Amino acid sequence: MSLVPEIDYGTPASTSETMVTLTIDGRQITVPEGTSIMRASMEAGIEVPKLCATDMIDAFGSCRLCLVEIEGRNGTPASCTTPVASGLVVHTQTGRLKDIRRGVMELYISDHPLDCLTCAANGDCELQDMAGAVGLRDVRYGYDGDNHVKARNNGDINLKWAPKDESNPYFTFDPSKCIVCSRCVRACEDVQGTFALTIEGRGFGSRVSPGMHENFIDSECVSCGACVQACPTATLIEKSVISIGQPEHSVVTTCAYCGVGCSFKAEMRGEEVVRMVPWKDGQANRGHSCVKGRFAYGYSTHKDRILNPMIREKVTDPWREVTWDEAFAHIATEFKRLQYQYGRDSIGGITSSRCTNEETYLVQKLVRAGFGNNNVDTCARVCHSPTGYGLGQAFGTSAGTQNFDSVEHSDVVIVIGANPTDGHPVFGSRLKKRLRQGAKLIVIDPRRIDLVRTPHVEASYHLPLKPGTNVAMMTALAHVIVTEGLFDEKFIRERCDWSEFEDWAAFVSEPQHSPEETEKYTGVPADLVRGAARLYAKGGNGAIYYGLGVTEHSQGSTTVMAIANLAMVTGNIGRPGVGVNPLRGQNNVQGSCDMGSFPHELPGYRHISDDATRDIFEKLWGVKLANEPGLRIPNMLDAAVDGTFKGLYIQGEDILQSDPDTKHVAAGLAAMECVVVHDLFLNETANYAHVFLPGSTFLEKDGTFTNAERRINRVRKVMTPRNGYADWEVTQKMAQAMGLGWNYTHPSEIMDEIAATTPSFALVSYDYLEKMGSVQWPCNEKTPLGSPIMHIDGFVRGKGKFIRTEYVPTDERTGPRFPLLLTTGRILSQYNVGAQTRRTDNVVWHAEDRLEVHPHDAEQRGIRDGDWVKLTSRSGDTTLRALITDRVAPGVVYTTFHHPDTQANVITTDYSDWATNCPEYKVTAVQVSPSNGPSQWQVDYDEQAKQSRRIVGKMEAAE
């Protein structure tokens, strides 16, 4: 194995369709118009020396190494900033150019430390490479001049010297090695869009500065790693490279955090990860990354990982380590006993949105073929199940319509109920870049997210609606579009059911749906709503991106249908730059739904009651399948409390921390007789488990993930599973113990079975993914290259369906006892329930959940920033520290749910979406009051958790 090669062409590719022919070093070369001479040379295999140029950012022309000579033109222009032209004759290597380049390199080296043999970048230093490329043999200016290399010059303090900044947990910044190429500054601006870096000083005193001469940790830097990736020297370098050394081989794989699905090169020494580097050919991330995917992989080797199976008779007993065979035999015996004693439907399973498609497919297969029922569900139940229902009703398919590249063609973007810069940061960066190029933004969110106003980006409209009024807001926008004649009649007549449109248009045109009327309960001024509606309808290509702030409501499915209505009425479907785009929360939540993880659907979103679909699987699996939908997660818990549901296999989910109404979840789990948790760590749900099966990380397995844009990406094994088995092998051995004759030898065989049974995956195979890199389903004979854009010529269901979306206020109301509304969300540095990110250095940025409170509400309650406060709802109470901010409106408070010692979901209620049971996390009536420490519930919970994590033979409870 070796390092996966990536060519740096020096400047970005041109998208022009006009071709230009020129001659470079005697070779005729034809490239798109707008291509730089540097890139054209590299495409022909001619490498022009460079230091300030890289193809991830626009040309800058500062290093003066890439100079060329052009016949008929004076001077020596920089090849990175000089575009090609027809008939040009270019020379990249002449005596004059060699002298200039050597002279430039002499100046660089005169101000650079010569510690190459002990430098962490030795073997991966572009400055070193270029010194060799230009033939540098001596430096006429010496090495000890007026520079910033040393702390002291001849015993005197050197005021230009700055110490190495090691404040960031993941990388160091050594100003003495900076050549001021500005690549890091430009990467922060052009790629990430944070503008955290600048160049301070002049001449030899110039250097990169985070913020206003701050340390990296105190600056606005978001640790995405773009600056480290861009740096040509060891000025910015990963601490892991410093401690381990340079990698010797790499493997391309897919990030296991959010639904963007970034591609990375796992750069290795043996079986140790040296660093994760974003892969430029990754079609979801295009070479960019965030702090989680780039750096937060340390949980895979964390001391808290459980590596041996464990069992116990009662949840009050300590855990006892056993062999794998003992664990599988125990599970099989217990599950068979429960079904014999309580009936076939008394057990079920929950699939994981963090595991691969293949592993998820096997879990639902185990439930249907092994347990003999359809009691299978997934975490999408509590996040994007309304997306599946709503888009399925309107368009005929349960997924987003675009690829991420589509945003580059958008003119107007609506972001509703999502916070891309925190929850989906790589897409957030791509969106910000498009907005800096002139696209307009409408934000619909109770909270002032970063996108409302961030460097060089400002939303044209921010509609800070009250939590729970999404449907009213979307219908009000539609009211303006219809009553002002802004709809696309041609599109609607050709692509949608006209009679249904007429009915819907009459509905939204009713006076009670006007912005003036809906203002009474949304709280958003009518003029802002009208302005936003006109901008979306008339502004060109209009795209809608939404998140859990849409779906996690009692009317989540209704809001999704309202969004679909808005896209159809304006004709914003079926081409680049438009569409309806759900931002999926977990790495494979789309895939877990695709694989048949819902109790009513088989893989490919085909209903379990369909005889023809069942017949496909019955013939292949050799069993008779139940034709009635099984239990959803909330139904399983209810049935457990009622005494009819007794056993549960949970792969890679922590329902006790992530699901609503924690006390009810705990009661349901406590009522079961055999709970099997299959995970990396003893999570919160494991407090009520009887069997623990250690899981494997994404670095330890082969498989595929499907991201938010329906892109199927390969996951590749880079190290041996520390627990002994990949997760698919664990599920298979469990199935074998229960009498099923499974004999898969590799996940590719599972994918072949998926493709054989699921029309939208018909052409997908590991060989095909190796050839294509990745594909977006549907990928079949009709669309062999995949489907980047859906519904191009028509909707999957035939005609687009307009659906009335009547606003029905939630039953969760504020009142004298609970006058505030709580809404929840995520933060950049943490992920989901925090089981992974809390076991990395990301805790530097977010060590605890905080409660955001508006200054007005805080003053009324005598609360100061940092004070402990008690958060109480009808369901329960918890305590956490207050963060006073005007990001939230008066009457609204906000917190995250990443830390189990807070357990924010003890506050949330059991209200849920009318169609899918997706919980109403985003609207909970609460009261906030001063507190002096943890609530009694937190004290009791902490003690119970400590007791539950005891392991026989180990002194302390496992974390």
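With our numbering as the guide, the letters of the sequence shown map in order to residues 1423 to 2381. All C-beta atoms, glycine included, are put in the ideal place defined by N, C-alpha and C. As the structure is a computational prediction, the values presented were derived from the model and not from experiment.
With 16 other Cβ atoms within 10 Å as the buried cut-off, status of residue i
i     : result
E2050 : exposed
I1429 : exposed
W1920 : exposed
V2374 : exposed
M1441 : exposed
Q2349 : buried
L1536 : exposed
V1972 : buried
G2355 : exposed
M1634 : exposed
V1829 : buried
P2025 : buried
Y1592 : buried
P2312 : exposed
M1552 : buried
L1510 : buried
Y1811 : buried
Q2073 : buried
E1735 : exposed
A2178 : exposed
Y2110 : buried
V2361 : exposed
Counterpart residues of residue i in DSSP-defined beta bridges
i     : result
K2292 : T2301 and S2351
W1741 : I2373
I1838 : I1866 and Y1968
E1622 : R1629
G2125 : V2137
P2322 : Per DSSP, none; premise fails for P2322.
R1875 : E1880
L1729 : DSSP output for L1729 lists no bridge partner at all.
K1687 : V1674 and V1699
N2003 : Y1967
Residues of its chain near residue i, where Cβ-Cβ distance is below 7 Å and the 5 sequence neighbours each way are ignored
i     : result
T1620 : V1607 and S1631
T1905 : S1931
S1846 : Checking the displayed sequence, the identity of residue 1846 turns out to be His instead of Ser. Once the five neighbours on either side are set aside, the close Cβ partners of H1846 are C1680, G1681, V1682 and L2005.
S2196 : Q1705, R2133, I2134 and N2135
S1851 : V1613, Q1614, G1615 and H1710
Three-way DSSP call (helix, strand, coil) for residue i in this model
i     : result
T1655 : coil
E1670 : coil
E2381 : Its pLDDT being 48, under 50, E2381 is placed unreliably in this model, and the value from its coordinates should be taken loosely. Here E2381 sits in coil by DSSP.
P1505 : strand
P1454 : strand
Y2316 : strand
M1698 : strand
S2334 : strand
P2056 : helix
T1992 : coil
L2104 : coil
T2346 : strand
V2186 : coil
Cβ shell of residue i (< 6 Å), same chain only, five flanking positions each side left out
i     : result
V1561 : E1528, I1531 and S1532
H1878 : R1858
M2058 : G1770 and F2067
L2305 : R2272 and E2274
Supposed contact pair residue j and residue i - C-beta distance, whole angstroms, cut 8 Å
i     : j     : result
T1819 : M1460 : Contact flag wrong, Cβ pair sits at about 44 Å.
T2126 : M2173 : 7 Å
V1798 : G1483 : About 58 Å; that fails the 8 Å criterion.
G1860 : Q1668 : Actually they are not in contact, since the Cβ atoms of G1860 and Q1668 sit about 42 Å apart, beyond 8 Å.
N2135 : T1676 : 4 Å
S1436 : T1452 : Not a contact, Cβ separation roughly 12 Å.
Chain-order list of residues whose beta-carbon lies under 8 Å from that of residue i (same chain, five-residue window excluded)
i     : result
R2226 : D1925, W1926 and F1929
E2095 : E1756, L1760, K2068, G2069 and H2112
Y2147 : W1746, S2118 and K2155
A1507 : V1442 and L1444
T1723 : R2144
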